[in-house]
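A.B. asks:
There are 2 protein chains.
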Amino acid sequence: MGMARRKTKRAIPNHLAARLERCRARMADGRLSAYVVSAPTDQFYLAGFTGEDGVVVVTARRLYLVTDGRFTIQAAREAPWAKAIIRKAGIGAELSRLQLRHRWCRVGFQAEHATVKQAAIWRKAVSPARLTQSKPITAELRNRKDPAEVVAIRRAIDVAEAAFKVTCRTVKIGMTERQVAARLEFEMQKRGASGPSFPTIVAVGSNAALPHARPGSRRIASGSAILIDWGATVDGYRSDLTRVVFVRTIRPQFRRMYIMVHEAQRRAIAAVSSGVEARMVDRAARSYLASVGYGKAFTHSTGHGLGLDVHEGPSLARRGSATLEAGMVVTVEPGVYVPGVGGVRIEDDILVTGSGCEVLSTLSTNLDDMVIRG
Amino acid sequence: MGMARRKTKRAIPNHLAARLERCRARMADGRLSAYVVSAPTDQFYLAGFTGEDGVVVVTARRLYLVTDGRFTIQAAREAPWAKAIIRKAGIGAELSRLQLRHRWCRVGFQAEHATVKQAAIWRKAVSPARLTQSKPITAELRNRKDPAEVVAIRRAIDVAEAAFKVTCRTVKIGMTERQVAARLEFEMQKRGASGPSFPTIVAVGSNAALPHARPGSRRIASGSAILIDWGATVDGYRSDLTRVVFVRTIRPQFRRMYIMVHEAQRRAIAAVSSGVEARMVDRAARSYLASVGYGKAFTHSTGHGLGLDVHEGPSLARRGSATLEAGMVVTVEPGVYVPGVGGVRIEDDILVTGSGCEVLSTLSTNLDDMVIRG
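For the protein sequence lines, the chains are A and B, in the order given. Going by my numbering, the residue at position 217 of the first sequence is 213; the numbering climbs one at a time, nothing skipped. Going by my numbering, the residue at position 29 of the second sequence is 25; the numbering climbs one at a time, nothing skipped.
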């Protein structure tokens, strides 16, 4: 009483504190004095910061945020628990200064993110400490989502699904792929997405034979099969879904493709459970599609992890060596592609649980529900 | 006559042939047997391919495109002049195979793009050839735009400007930043943009004191100053513009900020000409803003090159050492930011010419034209 108290710095939220604790335990395993985090999504994961062009530096006791003048206020708002260093020159110069102060021995960095050019500068900057490729610490931490992350992914799915339903009602014969994609992205943003998870794919007819087609000027006609692969980014977390819709009628060839892919997806999802090797999920879809003559038409992996990045661990690929664990969120998205004809892919987002899995996405995949009026 | 001719492979277009020729000349200067191009925009620049997750390999006589099964058809469509290699495993395995066939000596790669992890794999793959950091060959080529590129950038500007005009008419009191950003991106896509050049910034009031603010849930009110930084991507090329609009009235503090930034921009643009050092353009804006008391409020560089990437060379920064050349396209975008109050930035896209420059963007920057109804 009587004495003015200075405002105390905002305490670090529990979920970030828990992540940093796990990060520091792994740093200790690797005998790292410091860990230079350059991947933006990892910076958000560990420190809550969404700026660009900087790095987060984690040490046993401190958390630094090296950024530039464009992000001074943003750093104070988003990550007041980090010591912000507003750099005047390069990141290297600031790492040098920190090295002088702390006398680090081994400094870890993200070899899967940092460029050769950056690493060369940082290597000199932290000398005589050794700059060393650490194991992918944050990637491993991020594979299993904490409950708040699953909630965020669910929100990203909700937004994507609601936007899809509205967009399907606005699709009319004569619209271009690009117009449909624009509408879908607009509807997601109206519902709170900061943007799409990745460039939205809307591919009509034979364009859908390109698994990563860009929406162009091809127009929708009666009888068109339209492959739509889209997702929303909400508070940093991403959803990733694919549906194929048919305008008024379904051509027999597509009907057959759809039924086969649908069954492949069902089998792959049924294979998802904690303790299962990722490649077994891929095999469930792939061996089925091969058995019905679509082996060579399935040109990609069955799925991938999903979270702050649209592609993260684990990979549900032919050689996917990870073992699924409860809390992982993955896509399951088999597809078949026939050049000159088109493609069918069905993709949902799945939470691995102790006893199996939960399909987080809720849009129907039944063939009969895939017909739109146009 | 009488004999069926096989369709000949599509010839490489002149603009790509010219770029490859210049690239190969630089490879020869650096005694490179091959050049591994991993940056996606550079792959598009040299080969016309827009896929992901692969590399383009340029040799003295050949052009390879290493990609995966998702892009088989796209590679044939977009870059039939390149020899497509559909990889089953990693890029490294394919580089190994090429090395066995061609017996390269020195293989250049993009140290400013390739990650440390990729480079380590490629280094082993091309052994006994040496993997070597080349000078940034494509970045240097790309600094000066050829006429077709300037046409493409103009289109990207047209789309962004038309969308902006329409969006300003739809802005209403009570709308959120995010709603305005969503509308602007939608209007760009409707006009042929494949997407925004970068995440659109719409910042109301004090949020505009963050030069890279994300649009959020803050609502527009009478008297709001709204900073909008946006651009369109059209056929791969990008525009980048900023305007500040005022809802119904302009508060005196903003009026003063605007007038100063406007004059700073005028001076910087007047300084743009071929033969001028980039830092002189920065100095023109910076010294003026310092003279009127906004030296510390101008927290970033004056501009940057623009093309297939939203940030490329040359940098119009305090220490920008490049010399401007005819054909370069740069942004000129001074700004001042006052914490708690807001910010003003005015940004146009400028073509450097032999005798000075041409402002490619056409939206008014006059303060009186910046008032909207809301």
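Idealized CB from N, CA, C, for every residue including glycine. Given the structure is predicted, the values throughout are model-derived calculations rather than measurements.
1. So, are the CB atoms of B/Phe40 and B/Gln70 less than 9 Å apart?
2. Which whole-angstrom value describes the C-beta separation of A/Val326 and A/Gly299, a residue pair presumed to lie in contact below a C-beta threshold of 8 Å?
3. For A/Thr166 and chain B, any beta-carbon pair shorter than 9 Å?
4. Rounding to the nearest angstrom, what Cα-Cα distance links B/Gly301 and A/Ser297 in this structure?
5. If you follow the beta strand (DSSP E) that B/Leu356 is part of, which residue opens it and which one closes it?
6. My output table needs one value for B/Asp371: the three-state DSSP class, helix, strand or coil.
7. With a cut-off of 9 Å, does the C-beta of A/Arg66 fall near any C-beta of chain B?
8. Is any beta-carbon of chain A found at less than 9 Å from that of B/Val32?
9. Please classify A/Glu343: is it buried, with 16 or more other beta-carbons within 10 angstroms of its beta-carbon, or exposed?
10. For a quick check, are the C-beta atoms of B/Pro192 and B/Trp226 less than 9 Å apart?
11. Evaluate B/Ser213 with the Cβ neighbour count: other Cβ atoms within 10 Å of its Cβ, from every protein chain shown; 16 or more gives buried, anything less gives exposed.
12. Does the distance from the C-beta atom of B/Ser130 to that of B/Leu28 stay below 9 Å?
13. Consult DSSP for B/Phe376 and reduce its assignment to one of helix, strand or coil.
14. Can you give, in chain order, each stretch of the beta strand (DSSP E) that sits fully within the segment 174 to 235 of chain A and has at least 3 residues?
15. Which residue comes first and which comes last in the beta strand (DSSP E) that contains A/His300?
16. So for B/Leu363, helix, strand or coil by DSSP?
17. For B/Thr134, does the three-state DSSP call read helix, strand or coil?
18. Counting C-beta neighbours from all protein chains within 10 Å, is the total for A/Val147 16 or more, i.e. buried, or is it exposed?
19. What's the call for A/Arg282, buried or exposed, on a 16-neighbour Cβ count within 10 Å?
20. Would DSSP call B/Gly309 helix, strand or coil?
21. Tell me where the alpha helix (DSSP H) around B/Arg126 begins and ends.
22. Can you tell me whether A/Thr361 is buried or exposed? The criterion is at least 16 other CB atoms within 10 Å of its CB, across all chains shown.
23. Around the Cβ of B/Glu308, are there at least 16 other Cβ atoms within 10 angstroms (buried) or fewer (exposed)?
24. Please classify B/Leu59: does DSSP put it in a helix, a strand, or coil?
25. Would you check if the distance between the CB atom of A/Glu173 and the CB atom of A/Ala199 is smaller than 9 Å?
26. In terms of alpha-carbon separation, which member of A/Leu137, A/Ala121, A/Gly201, A/Val112 lies closest to A/Val103?
27. Does any C-beta atom of chain A lie closer than 9 Å to the C-beta of B/Glu17?
28. If I follow the unbroken beta strand (DSSP E) through B/Tyr254, where does it start and stop?
29. Would A/Leu96 count as contacting chain B if we go by Cβ distances under 9 Å?
30. Give the DSSP-derived three-state secondary structure of B/Lys79 in the structure shown.
31. Count the C-beta pairs between the segment 173 to 190 of chain B and the segment 156 to 164 of chain A that are closer than 8 Å, then say yes if the count reaches three, no if not.
32. Counting only Cβ pairs nearer than 7 Å, list the residues of chain A close to B/Gln261.
33. Listed in chain order, which residues of the segment 170 to 182 of chain A have Cβ atoms closer than 8 Å to some Cβ of chain B?
34. Nearest to B/Leu237 by alpha carbon, out of B/Ile255, B/Ala156, B/Arg15?
35. Opposite B/Ile368 in the DSSP bridges: which residues?
36. So what's A/Glu273 in DSSP terms, helix, strand or just coil?
C.D. replies: According to the structure data:
1. Here residue 40 of chain B refers to the residue found at position 44 of the second sequence. Here residue 70 of chain B refers to the residue found at position 74 of the second sequence. No, the pair does not count as a contact, with Cβ atoms beyond the cut-off.
2. Residue mapping note: residue 326 of chain A aligns to position 330 of the first sequence, counting from 1. Residue mapping note: residue 299 of chain A aligns to position 303 of the first sequence, counting from 1. Taking a contact as a CB-CB distance under 8 Å, the pair A/Val326 and A/Gly299 counts as one, their CB atoms being some 5 Å apart.
3. What you label residue 166 of chain A is simply residue 170 of the first sequence in a count that begins at 1. Not closer than 9 Å to any Cβ of chain B, the Cβ of A/Thr166 fails to qualify, so no.
4. On the second sequence, residue 301 of chain B is found 305 positions in, with the first residue counted as 1. On the first sequence, residue 297 of chain A is found 301 positions in, with the first residue counted as 1. Near 38 Å, if we compare the C-alpha coordinates of A/Ser297 and B/Gly301.
5. Numbered from its first residue, the second sequence carries residue 356 of chain B at position 360. Run containing B/Leu356: none; DSSP gives neither H nor E here.
6. Lying outside -3 to 370, the shown extent of chain B, residue 371 of chain B is not represented and no answer is given.
7. Along the first sequence, read from residue 1 onward, the residue named residue 66 of chain A stands at position 70. For A/Arg66, the answer is yes, since a Cβ of chain B falls inside 9 Å of its Cβ.
8. One-based indexing of the second sequence puts residue 32 of chain B at position 36. Taking Cβ atoms only, chain A never reaches closer than 9 Å to B/Val32, which makes this a no.
9. Counted from its first residue, the first sequence places residue 343 of chain A at position 347. With 16 or more other Cβ atoms within 10 Å, it is buried.
10. Position 196 of the second sequence, counting from 1, holds the residue named residue 192 of chain B. Position 230 of the second sequence, counting from 1, holds the residue named residue 226 of chain B. The answer is yes: Cβ separation under 9 Å.
11. Within the second sequence, the letter at position 217 stands for residue 213 of chain B. B/Ser213 is exposed by the Cβ-count criterion.
12. For this step, residue 130 of chain B is matched to residue 134 along the second sequence. For this step, residue 28 of chain B is matched to residue 32 along the second sequence. Yes, these two residues count as a Cβ contact at 9 Å.
13. Because chain B here runs from -3 to 370, residue 376 of chain B falls outside it and cannot be looked at.
14. 197 to 200, 221 to 226, 228 to 230
15. Residue mapping note: residue 300 of chain A aligns to position 304 of the first sequence, counting from 1. Unbroken beta strand (DSSP E) run through A/His300: 299 to 301.
16. As a working note, residue 363 of chain B is residue 367 in the second sequence. DSSP places B/Leu363 in helix when its eight states are reduced to three.
17. If you number the second sequence from 1, residue 134 of chain B lands on position 138. DSSP places B/Thr134 in helix when its eight states are reduced to three.
18. What you label residue 147 of chain A is simply residue 151 of the first sequence in a count that begins at 1. When all chains shown are included, A/Val147 counts as exposed.
19. Counting from one through the first sequence, the residue named residue 282 of chain A turns up at place 286. Buried: at least 16 other Cβ atoms inside 10 Å.
20. The residue you call residue 309 of chain B lines up with position 313 of the second sequence. Annotated three-state conformation of B/Gly309 is strand, per DSSP.
21. One-based indexing of the second sequence puts residue 126 of chain B at position 130. That residue, B/Arg126, is in no alpha helix (DSSP H); its beta strand (DSSP E) goes 126 to 129.
22. Position 365 of the first sequence, counted from the first residue, corresponds to residue 361 of chain A. Buried, since its Cβ has 16 or more Cβ neighbours within 10 Å.
23. Translated into positions along the second sequence, residue 308 of chain B becomes position 312. Buried, because 16 or more other Cβ atoms sit within 10 Å of the Cβ of B/Glu308.
24. Sequence index remark: in the second sequence, residue 59 of chain B carries index 63 (1-based). B/Leu59 carries a strand assignment under DSSP once its states are collapsed to helix, strand and coil.
25. Looking up residue 173 of chain A in the first sequence gives position 177. Looking up residue 199 of chain A in the first sequence gives position 203. It is a contact, given that the beta carbons lie within the stated cut-off.
26. Numbered from its first residue, the first sequence carries residue 103 of chain A at position 107. Measuring from the Cα of A/Val103, the nearest candidate turns out to be A/Ala121.
27. On the second sequence, position 21 is the one that residue 17 of chain B refers to. So, not an interface residue.
28. If you number the second sequence from 1, residue 254 of chain B lands on position 258. Counting along the chain, no beta strand (DSSP E) covers B/Tyr254; the unbroken alpha helix (DSSP H) around it starts and ends at 248 to 267.
29. By 1-based counting over the first sequence, the position of residue 96 of chain A is 100. Not an interface residue.
30. Here residue 79 of chain B corresponds to residue number 83 of the second sequence, with the count starting at 1. In this structure, B/Lys79 counts as strand in the three-state DSSP scheme.
31. No, because fewer than three Cβ pairs between the segment 173 to 190 of chain B and the segment 156 to 164 of chain A fall closer than 8 Å, the two stretches do not touch.
32. Here the question's residue 261 of chain B lines up with position 265 in the second sequence. Within chain A, no residue comes near B/Gln261; the closest Cβ sits about 18 Å away, beyond 7 Å.
33. Arg174, Gln175, Ala177, Ala178, Arg179, Glu181, Phe182
34. Indexing the second sequence from 1 puts residue 237 of chain B at position 241. That would be B/Ala156, whose Cα lies nearest to the Cα of B/Leu237.
35. The sequence position of residue 368 of chain B within the second sequence is 372, counting from 1. Per DSSP, B/Val243.
36. Numbered from its first residue, the first sequence carries residue 273 of chain A at position 277. Residue state, collapsed to three classes: strand.
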